[in-house]
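In the numbering used here, the protein residues as written are 419 to 508.
Beta carbons are placed, not taken as given, at the ideal position from N, Cα and C, and that holds for glycine.
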Amino acid sequence: MATIAMRQVREGEVPRDGGTAIQDDPDRPVFRGNGPDDYVCVSCGNLLATAMNPEQMTRKVRVRCGRCSTVNVSAIDGYVAPSGGPKRQD
Ligand SMILES: [Zn+2]
């Protein structure tokens, strides 16, 4: 179990096909998975996603922190899921 800080979204890097999850309750993580890692807000350290697998935390996954309103994105740049992820049709 590791705790990984996400990072702030930079202007213009947001993929159009992703969505931003809003954390309504700062005391409850938006995502709950079955993987090894917790992800926290880069600004305030609030827990945003718990027990996530790295392949679930692509750049399409963004979370707006319920405590400080920072929009966070996974720090894992360019990660391509080895299987089960979306595939291009070309
Ligand atoms: Zn925050």
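- Counting along the chain, Val460 sits inside no beta strand (DSSP E), nor does DSSP assign it H or E at all.
- Residue state for Gln474 is assigned as helix, using DSSP reduced to three classes.
- Pro447 counts as buried, since at least 16 other C-beta atoms from the protein chains shown sit within 10 angstroms of its C-beta.
- Bounds of the beta strand (DSSP E) holding Thr421 are Ala420 to Ala423.
- Across the set Glu429, Cys486, Ala439 and Met419, the C-alpha of Cys486 shows the shortest separation from the C-alpha of Cys459.
- For Gln441, the three-state secondary structure derived from DSSP is coil.
- Listed by position along the chain, the residues with Cβ atoms less than 6 angstroms from a non-hydrogen atom of ligand 1 are Cys459, Ser461, Cys462, Asn464, Cys483, Arg485, Cys486 and Thr488.
- The beta carbon of Ala423 sits closer than 6 angstroms to those of Val458 and Val460, all from its chain and outside the five residues before and after it, given in chain order.
- Around the beta carbon of Ala420, fewer than 16 other beta carbons sit within 10 angstroms, so the residue counts as exposed.
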